């Protein structure tokens, strides 16, 4: 395989295969939970995040997610300077590395939410943040155990303030007071460094999207102050922010495969099956599900996506290859046969399988690309992205760490029956039809694909409802769906 055959994800992974992050904080600061939740893993290999054990040079990884490396440093104790010097030396050593993959990409300084009036930073913490002002590594103060602040407020609130209120109203009072208290924490920290970035996290379900907020803040800073490739690595490694997954998937797709989709040099002379497989691989690489059984790379899953887009194989849905039944087994048989599995080729050809085989074996020709072929490619990208988004939310809501075929089938079925799919396909047909009546001009199919994803991917009923809190996201403002509640 030459470089031209490599998808953009392979290009990114060659330069920066893993997102490298330093965790700073005392034992009990919640560093292990933070890593497990942000990267959605159950087990950490060779973990030195254990109490009393720490070697900052050790690389902490997980077999469940090969796209991140963490380093651990204990916090700064009063009157102790050795660890402070160790951290400074480690940062300097990492920043001197010539390869991006060996440098630090971000630092999370983990601080448990303090009791009201309690000290947030030790002197060593303050000195460290002053030192970091001259270092171009994104650093975020992560207030862990944010739910503890809510509990403190609930215990200390005078009961007369909530007399006559129902449970929901009382909850809103406690939430408001919690946010006000958090603002005061941030205000105190800003006295040390006015540009300090802060965000809370909690493992309690009501606050679980605080992890998404942390990831968003981190990735924006990495993109602006480290490197675009490190941003891709961050987007791939994390498993908490679906918006970032979609954004990275779209950007990588437009980097090569989607650009000039109707006149693609990359696809010219290739079969449609090849085009679909390359797009599938690229998009799945970015989403980085914990898929030990390789379900998303299987012909079973490819058959599901092809079943979603089959009606776009002709501009008239009534002339589609498949009938009204979900003939997934037939699609899989054809894919197996085209991949060289002789058992999958029936002795007596099935007319549906013959048509499917002819369709998938058709050659992409940029000079004579049919509207139906363009429709199918556009639909494949959008439908695949939409299905993966539903798969993400379903697993996120249920706390699923690894994929199962049942989870995949559920996400596929939900999108197959959805209004979003119907609307997407209608608009794709309208777009392709409009091209037939326009003079030959710039190919903007990839722009239409991006628009369709942004317009129809969000399913309100699937996205959990919770509050998000953050302070100073830092860097340039990149397009992102608004948080339900951003207080600072």
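Numbering (my numbering), first residue to last: 4 to 491. For every residue, glycine included, the Cβ atom is placed at its ideal position computed from N, Cα and C. No experiment lies behind these values; they were computed from the predicted model shown.
Cβ neighbours of residue i in the same chain (closer than 7 Å, five flanking residues each side left out)
i: residue 225; result: 108, 109, 141, 233, 234 and 237
i: residue 151; result: 116
i: residue 307; result: 331 and 415
i: residue 334; result: 306, 309, 310 and 359
i: residue 29; result: 77 and 78
Buried versus exposed call for residue i [16 or more other C-beta atoms within 10 Å across all chains shown]
i: residue 395; result: buried
i: residue 364; result: exposed
i: residue 433; result: exposed
i: residue 60; result: exposed
i: residue 75; result: buried
i: residue 354; result: exposed
i: residue 148; result: buried
i: residue 451; result: buried
i: residue 12; result: buried
i: residue 158; result: exposed
i: residue 197; result: exposed
i: residue 68; result: buried
i: residue 229; result: buried
i: residue 100; result: exposed
i: residue 146; result: buried
i: residue 112; result: buried
For residue i, the three-state DSSP class (helix, strand or coil)
i: residue 200; result: strand
i: residue 394; result: helix
i: residue 188; result: helix
i: residue 211; result: coil
i: residue 109; result: strand
i: residue 116; result: coil
i: residue 140; result: coil
i: residue 23; result: strand
i: residue 407; result: coil
i: residue 327; result: In this prediction, residue 327 has a pLDDT of 46, which is less than 50 and means its spatial position is unreliable; what the coordinates show is noted afterwards. Looking at residue 327 - three-state DSSP - the assignment turns out to be coil, as it is neither helix nor strand.
i: residue 366; result: strand
i: residue 376; result: helix
i: residue 274; result: strand
Closest Cα partner of residue i within the set the options
i: residue 239; options: 426, 70 and 458; result: 70
i: residue 381; options: 421, 411 and 275; result: 275
i: residue 144; options: 317, 282 and 32; result: 32
i: residue 219; options: 251, 209, 448 and 36; result: 251
i: residue 245; options: 195, 41, 45 and 18; result: 41
i: residue 79; options: 39, 114, 103 and 296; result: 114
i: residue 1; options: 43, 248, 315 and 309; result: The chain is shown only over 4 to 491; residue 1 falls outside these bounds and no answer can be derived.
i: residue 47; options: 72, 29 and 25; result: 72
i: residue 63; options: 83, 24, 98 and 77; result: 24
i: residue 138; options: 123, 95 and 124; result: 95
i: residue 160; options: 177, 169, 65 and 315; result: 177
Close beta carbons around residue i, own chain, < 6 Å, minus the five adjacent residues each side
i: residue 312; result: 379, 382, 383 and 386
i: residue 243; result: 41, 214, 215 and 218
i: residue 391; result: 290
i: residue 406; result: 292, 294 and 298
C-beta neighbour in chain E for residue i, strict 8 Å
i: residue 85; result: Here there is only one protein chain, and chain E is not present.
Nonlocal neighbours in the same chain, by C-beta distance under 8 Å from residue i, ignoring five residues either side
i: residue 410; result: 394, 397, 398 and 403
i: residue 459; result: 385, 389, 423, 426 and 427
i: residue 17; result: none
Checklist entry - Which parts of the region 144-178 are runs of the alpha helix (DSSP H), unbroken and 4 residues or longer, counting only runs that do not cross its ends? => result 149-159
Checklist entry - Mind pulling the alpha helix (DSSP H) runs of 4 or more residues that sit fully within the region 34-85? => result 34-41
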